[in-house]
Amino acid sequence: MPELPEVETVCRALNNSLPGKTIVDVTVENPQLRNLIDSDYLKECCINTKIISLRRRAKYIIADLDNGKALLLHLGMTGKFRICSETEAVKKHEHVLFQLDTNESWRYEDPRRFGILKAVTLPVEGGIPEDLEHFGPEPLEDEFTPQYLKKFAQNKTKPIKNLIMDNTCVVGVGNIYASESLFRAGISPLKPAGKISLKKLTVLVEKIQEVLEEAIKAGGTTISDFSTPDGNEGYFFRELAVYGRHNEGCLTCGSPISKVVMAGRSTFYCKKCQR
Ligand SMILES: [Zn+2]
């Protein structure tokens with residue numbers, strides 16, 4: 016499933032190609048993604064509009080159009096974009112095709128159809144669509160500070176791992192990245208969030224940012240055609256220190272890595288190094 020680093024990488028790649036191009040037509044081959052696409056509304060919003068730029072918020076990509084509308088895009092489990100010549104044959108799972116004024120076609124492919132593609136009106140130019148208003152800060156932006164996290168965690172008995180994976184606290188810290196950041200910070204994933212000192216949370220914020228930045232860097236060098244391999248949990252996989260390493264030796268102390276299930280998600284940690 017594409018996580019924040021992969022979505023960021025896809026967004027950057029699209030942002031290198033699409034701005035300045037005009038959508039001249041839209042074909043919806045199959046409207047049933049996670050939600051049913053309103054094809055008429057999509058066409059009404061997009062046709063004859065120029066794409067200004069693309070930006071990411073949480074795991075969504077927002078494509079700003081020059082008419083005050085935007086396309087809200089989410090890759091779901093298996094979503095991919097590609098930009099190709101308009102004459103290329105449509106692939107089996109390519110559900111939406113945006114015809115561009117450059118004789119190119121910008122296509123959305125999604126075998127499992129869990130993605131989201133919809134046209135939205137922005138409250139103000141460059142603003143955040145209503146659908147995304149409830150999200151907490153971006154982990155790589157200035158508002159995500161140790162002080163903010165300390166305040167959010169105050170009096171909370173919820174385990175720290177579940178807290179940092181809660182989108183209202185901070186967005187985009189997926190399961191793998193949560194385990195890896197906590198390992199680097201030396202904090203047990205099970206520790207009640209409200210009991211962690213500001214000093215420890217300062218390290219955690221730093222490690223979350225470090226892990227995500229490394230993953231973005233890795234994704235950025237892997238993706239050349241905007242696609243994310245199906246079923247791959249991320250390009251960062253090869254460099255994981257704890258995730259998926261149950262019973263293998265901890266890279267720091269050699270003790271076997273423990274596994275627990277938290278909020279339905281597999282969690283890996285070293286009982287000795289993480290307290
Ligand atoms: Zn250890």
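Throughout, the numbering used here is defined as the position within the sequence shown, counted from one, plus 15. C-beta atoms are modelled at their ideal positions from N, C-alpha and C, and glycine is treated no differently.
Residue i, buried or exposed, once every other Cβ within 10 Å from all chains shown has been counted against 16
i	result
V185	buried
E23	buried
N190	buried
T172	exposed
D157	exposed
K287	exposed
T93	buried
D79	buried
A233	buried
E254	exposed
D245	Annotation note: pLDDT 39 at D245 (below 50); position unreliable, coordinate value reported separately. Under this definition D245 is an exposed residue.
K14	Residue 14 cannot be examined here, being either before or after the span of the chain that is shown, 16 to 290.
E18	buried
G264	exposed
Close Cβ partners of residue i (< 8 Å) along its chain, the five nearest in sequence each way excluded
i	result
G83	T136, L137, E140
P204	P174, I175, K176, A193, S194, L197, V275, M277, T282, Y284, Q289
T267	C285, C288
K206	P174, I175, R290
Supposed close pair residue i, residue j - CB separation, criterion 8 Å
i	j	result
P271	L213	Actually they are not in contact, since the Cβ atoms of P271 and L213 sit about 31 Å apart, beyond 8 Å.
D81	H108	30 Å between Cβ atoms; not a contact.
L155	L227	6 Å
G209	N170	5 Å
E225	G187	With 8 Å as the limit, E225 and G187 do not qualify as a contact, their Cβ atoms being about 14 Å apart.
F101	Q114	Here residue 101 is Glu; the residue named in the question, Phe, does not match the sequence. Indeed they touch by this definition, with Cβ atoms about 6 Å apart.
K215	I202	6 Å
D116	K36	6 Å
Beta-bridge partners of residue i, as assigned by DSSP
i	result
K65	T37
K95	E124
I272	H261
S281	V276
E109	E124
A85	D79, V135
Q47	L51
R70	I77
T42	L112
P174	P207
E119	S100
Close-in-space but distant-in-sequence residues of the same chain around residue i (CB under 7 Å, 5 per side omitted)
i	result
V257	S194, E195, F198, I272, F283, Y284, C285
N177	M277, A278
Q87	In the sequence under discussion, the amino acid at residue 87 is Leu, which differs from the Gln named in the question. Excluding residues within five positions, the ones whose Cβ falls inside 7 Å are Y75, I77, I131, K133, V135, P144, D146.
Q47	R128
N182	A73, F150, G151
I67	P34, D79, L80, D81
Chain-order list of residues whose beta-carbon lies under 6 Å from that of residue i (same chain, five-residue window excluded)
i	result
I98	S32, E119, W121
V111	V43, Y123, L132
C61	I38, V41
S242	Because the pLDDT at S242 is just 45, under 50, the model does not fix this residue reliably, and the value given afterwards should be weighed accordingly. Closer than 6 Å at Cβ, skipping near neighbours: K95.
R70	I77
Residues surrounding ligand 1 [beta-carbon distance to nearest heavy atom under 6 Å]: C265, T267, C268, S270, C285, K287, C288
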